[in-house]
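J.:
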Amino acid sequence: MSTATATKILTDRINRIEVSATMAITAEALKMKAAGIDLADFGAGEPHFSTPQHIKDAAIEAIQKNFTRYTAVAGVPEVRKAIVERHAADFGTNYAVDECVFSAGGKLAIFNAMEVLVEQGDEVIVPVPYWVSYKDIIEFANGTPVFVETSEAENFRVTPKMIADAITDKTKAIILNFPSNPSGAVMAKEDLYGIVKLAHERGIYVLLDECYVYLSFNGELISGASVLEAKEHVIVLGSLSKTYAMTGWRAGFALGPKQIIGAMSKLQSQSTSNTASMVQRASIAALTASQDCVVEMRKDYVKLRDRVLEGFKSIPGLTCTVPEGAFYVYPNISKFIGKGGIKSASDLASKLLTEAHVVTVPGEPFGTTEHVRLSYAVSADVIDKGVERIREYLAKL
């Protein structure tokens, strides 16, 4: 069967999206590791910490007590209660249990929200740089992403005016991810609240991707959902993955208007159904127990960030904004494009992998052409080794 014939078998909606760039790079890195190659792996956005013991114990106890059957699609009431109470305690929100759905990871929550809100002809505003999956999730829903360029000189700041200038009569939603993956930028409270109020006034939905909301380094945790008067146009899309080092557990959630949450639950009932029952029990433990583990992990990320930035200072031509959250650095590598046969950020990332054995993610899938992303959620030794390899490779160009 020819490639052309094979392509016709598949739907347009699957053909118009790409494999996740970060997942593709992770898969390639795993192959190289399996072949015995020593890599400095800054690729996957995954905490290097183990899941805290009290969370693991809760899952083990659930299994031992045979809490292993189906639950309500949206999650047991106890896990949804834990989510809304955690969010209320930290951000002053007032969601009810039936305004919450528990999902198999934050990505599924984003996907489901987009599927129930966006259709043909709708536009979704996306600040650049953006998380790699936004574009494809929007396009899978038949929507059109409208990209808003930000300035690296302004640390990728997004303002209400920038969003207002991008709004048309087709705008259905705005998606915001701060702290940002990939840049680590954090929105100023006045900008975030201003955008939420603007959207509410225009009848536009704001999707708040709060995956990294607890990994902000500037001493203040903020959520756009704290603008209570705009509640009917705000959907919080959350995850326990990064906050509690629970990536493989696939624990995510959404908070929002009852009608939208109900639609997301209906869609989930026809796809994944409920999240694993023991994961729900583990998540209750994570959300209701002491949050000291989160504080300690956040402190360690600051030390690791400072270590990698200090290392970058020894690499002539490499510049980088100072991330204020998450666990990524997004250095500008434009000075090296055109040297040594390097044609693009993707080309450089590929050569760093195959020749320097350093795993990075190129900027193109995030919407920029002059950057690579490194996750510093690794050990200090990996940072030192990886930065040295990058320095040596770039010096040869």
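Here the sequence shown stands for residues 81 to 477, where the numbers follow my numbering.
Quick reminder that beta carbons are idealized off the backbone N, C-alpha and C, glycines included.
(1) Our contact map puts E126 next to A457 with C-beta atoms below 8 Å; I'd like the distance itself, whole angstroms only.
(2) Are three or more beta carbon pairs between the segment 170–177 and the segment 387–400 nearer than 8 Å?
(3) Alpha carbon to alpha carbon, how far is K252 from D202? Give it in angstroms, no decimals.
(4) Tell me the rounded alpha-carbon separation between W329 and A246.
(5) Taking the straight line between their C-alpha atoms, what separation do you get for A494 and A334?
(6) Less than 8 Å between the CB atoms is what I'm expecting for Y294 and N257, so what's the real figure, rounded?
(7) Tell whether a beta-carbon distance below 7 Å holds between V325 and A138.
(8) Here's a check: name, in chain order, each residue in its chain whose Cβ is nearer than 6 Å to the Cβ of E108, leaving out the five neighbours to either side.
(9) From A305 to P403, what distance separates their C-alpha atoms?
(10) Per DSSP, what are the beta-bridge partners of F182 in this structure?
(11) Let me make sure I understand the geometry here. Which of L301, L432 and A436 has the alpha-carbon closest to that of R166?
(12) Can you tell me where the beta strand (DSSP E) holding N257 begins and where it ends?
(13) What residue range does the alpha helix (DSSP H) around I315 cover?
(14) Can you give me the Cβ contacts of R96 inside the same chain, cut-off strictly under 7 Å, excluding the 5 residues immediately before and after it?
(15) Mapping the DSSP letters down to three states, classify P396 as helix, strand or coil.
(16) Look at the alpha carbon of S349 and the alpha carbon of I217, and state the distance between them as a whole number of angstroms.
(17) Give the DSSP-derived three-state secondary structure of A169 in the structure shown.
(18) What number of angstroms, rounded off, separates the C-alpha of T448 from the C-alpha of K415?
(19) Counting Cβ pairs closer than 8 Å, one from the segment 184–199 and one from the segment 335–348, do we hit at least three?
(20) Locate the beta strand (DSSP E) running through P225, then write down its first and last residues.
(21) Tell me G466's beta-bridge partners as DSSP assigns them.
(22) I need the straight-line Cα distance from M267 to N192, nearest angstrom please.
(23) Thinking C-beta only, is L477 closer than 7 Å to K419?
(24) Tell me whether T151 is buried or exposed, calling it buried when 16 or more other Cβ atoms sit within 10 Å of its Cβ.
(25) According to DSSP, simplified to helix, strand and coil, what is R471?
(26) Looking at G332 and A189, is the spacing between their C-beta atoms short of 7 Å?
(27) Would the beta-carbon of V441 fall within 7 Å of that of I105?
(28) By Cβ distance below 7 Å, which residues in the same chain neighbour T239 in space, the five residues on each side in sequence not counted?
(29) If we count the other Cβ atoms within 10 Å of its Cβ and call it buried at 16 or more, is Q200 buried or exposed?
(30) Please determine, among D92, A279 and P411, the residue with the shortest C-alpha to C-alpha distance to D249.
(31) Which word fits L480, buried or exposed, when buried means at least 16 other C-beta atoms lie within 10 angstroms of its C-beta?
(32) For the candidate residues C291, G123 and E98, whose alpha-carbon lies nearest to that of V439?
(33) How many Å lie between M377 and T91 at the Cα?
(34) Using only alpha-carbon positions, find the residue among K338, K277, P445 and R282 that is nearest to E98.
(35) Who are the near neighbours of S353 in its chain, counting only those whose CB is closer than 6 Å to its CB and skipping five residues on each side?
(36) My assumption, with CB atoms under 8 Å, is that G443 sits in contact with E450. Please give the rounded CB distance.
T.: With the given structure in hand:
(1) Numbered from its first residue, the sequence shown carries residue 126 at position 46. Numbered from its first residue, the sequence shown carries residue 457 at position 377. With 8 Å as the limit, E126 and A457 qualify as a contact, their Cβ atoms being about 6 Å apart.
(2) no
(3) Along the sequence shown, read from residue 1 onward, the residue named residue 202 stands at position 122. Along the sequence shown, read from residue 1 onward, the residue named residue 252 stands at position 172. So the two alpha carbons sit approximately 6 Å from each other.
(4) Your numbering for residue 329 matches position 249 in the sequence shown. Your numbering for residue 246 matches position 166 in the sequence shown. C-alpha separation (whole angstroms): 37 Å.
(5) The first residue shown for the chain is 81 and the last is 477, placing residue 494 beyond what the model contains.
(6) In the sequence shown, residue 294 corresponds to position 214, counting from 1. In the sequence shown, residue 257 corresponds to position 177, counting from 1. Rounded, the Cβ-Cβ distance is 14 Å, inconsistent with contact.
(7) For the purposes of this step, residue 325 is taken as residue 245 along the sequence shown, with counting starting at 1. For the purposes of this step, residue 138 is taken as residue 58 along the sequence shown, with counting starting at 1. A small fix is needed here, since residue 325 is Ala in this sequence, not Val. No, they are not a contact pair.
(8) For the purposes of this step, residue 108 is taken as residue 28 along the sequence shown, with counting starting at 1. Nothing meets the Cβ criterion.
(9) Along the sequence shown, read from residue 1 onward, the residue named residue 305 stands at position 225. Along the sequence shown, read from residue 1 onward, the residue named residue 403 stands at position 323. C-alpha separation (whole angstroms): 23 Å.
(10) Start at 1 with the first residue of the sequence shown, and residue 182 comes out as number 102. Note: F182 sits in a beta bridge opposite F333.
(11) Within the sequence shown, residue 166 is the residue found at index 86, counting from 1. Cα-wise, what sits closest to R166 is L301.
(12) Numbered from 1 along the sequence shown, position 177 holds the residue referred to as residue 257. Unbroken beta strand (DSSP E) run through N257: T251 to N257.
(13) Taking the first residue of the sequence shown as 1, we reach residue 315 at position 235. Counting along the chain, I315 falls outside any alpha helix (DSSP H), though it belongs to the beta strand (DSSP E) covering V314 to S319.
(14) Here the question's residue 96 lines up with position 16 in the sequence shown. Counting only Cβ-Cβ distances below 7 Å, and skipping sequence neighbours, we find E219.
(15) Within the sequence shown, numbered from 1, the residue matching residue 396 stands at position 316. Coil, per DSSP.
(16) As a position in the sequence shown, residue 349 is number 269, starting the count at 1. As a position in the sequence shown, residue 217 is number 137, starting the count at 1. Taking the straight line from one Cα to the other gives about 19 Å.
(17) For this step, residue 169 is matched to residue 89 along the sequence shown. In this structure, A169 counts as helix in the three-state DSSP scheme.
(18) Mapped onto the sequence shown, residue 448 falls at position 368. Mapped onto the sequence shown, residue 415 falls at position 335. Each residue's alpha carbon lies about 15 Å from the other.
(19) yes
(20) Locating residue 225 in the sequence shown gives position 145, where the first residue counts as 1. Where P225 is concerned, the enclosing beta strand (DSSP E) stretches over T224 to E229.
(21) As a position in the sequence shown, residue 466 is number 386, starting the count at 1. None, per the DSSP bridge assignment.
(22) Indexing the sequence shown from 1 puts residue 267 at position 187. Indexing the sequence shown from 1 puts residue 192 at position 112. Spanning the two alpha carbons is a distance of roughly 25 Å.
(23) The residue labelled residue 419 in the question sits at position 339 within the sequence shown. The residue labelled residue 477 in the question sits at position 397 within the sequence shown. Contact flag set, yes.
(24) Taking the sequence shown and counting its residues from 1, the one referred to as residue 151 is at position 71. Label assigned to T151: buried.
(25) Walking along the sequence shown from the start, residue 471 turns up at place 391. In this structure, R471 counts as helix in the three-state DSSP scheme.
(26) Working through the sequence shown from its first residue, we reach residue 189 at position 109. Working through the sequence shown from its first residue, we reach residue 332 at position 252. Against a cut-off of 7 Å, the Cβ pair of G332 and A189 comes out as a contact.
(27) Locating residue 441 in the sequence shown gives position 361, counting from the first residue. Locating residue 105 in the sequence shown gives position 25, counting from the first residue. Closer than 7 Å, so yes.
(28) Counting from 1 along the sequence shown, the entry for residue 239 is found at position 159. Around T239: D271.
(29) On the sequence shown, residue 200 is found 120 positions in, with the first residue counted as 1. Exposed: under 16 other Cβ atoms inside 10 Å.
(30) On the sequence shown, position 169 is the one that residue 249 refers to. Out of D92, A279 and P411, A279 has the C-alpha closest to the C-alpha of D249.
(31) Because the chain here runs from 81 to 477, residue 480 falls outside it and cannot be looked at.
(32) Here the question's residue 439 lines up with position 359 in the sequence shown. The residue with the shortest Cα to Cα distance from V439 is G123.
(33) For the purposes of this step, residue 377 is taken as residue 297 along the sequence shown, with counting starting at 1. For the purposes of this step, residue 91 is taken as residue 11 along the sequence shown, with counting starting at 1. Approximately 43 Å between the Cα atoms of the pair.
(34) Locating residue 98 in the sequence shown gives position 18, counting from the first residue. The shortest C-alpha separation from E98 is found at P445.
(35) Reading the sequence shown from its first residue, position 273 is the one you call residue 353. Excluding positions up to five away in sequence, the list reads V153.
(36) Walking along the sequence shown from the start, residue 443 turns up at place 363. Walking along the sequence shown from the start, residue 450 turns up at place 370. At roughly 6 Å, the Cβ-Cβ gap stays under 8 Å, so G443 and E450 are in contact.
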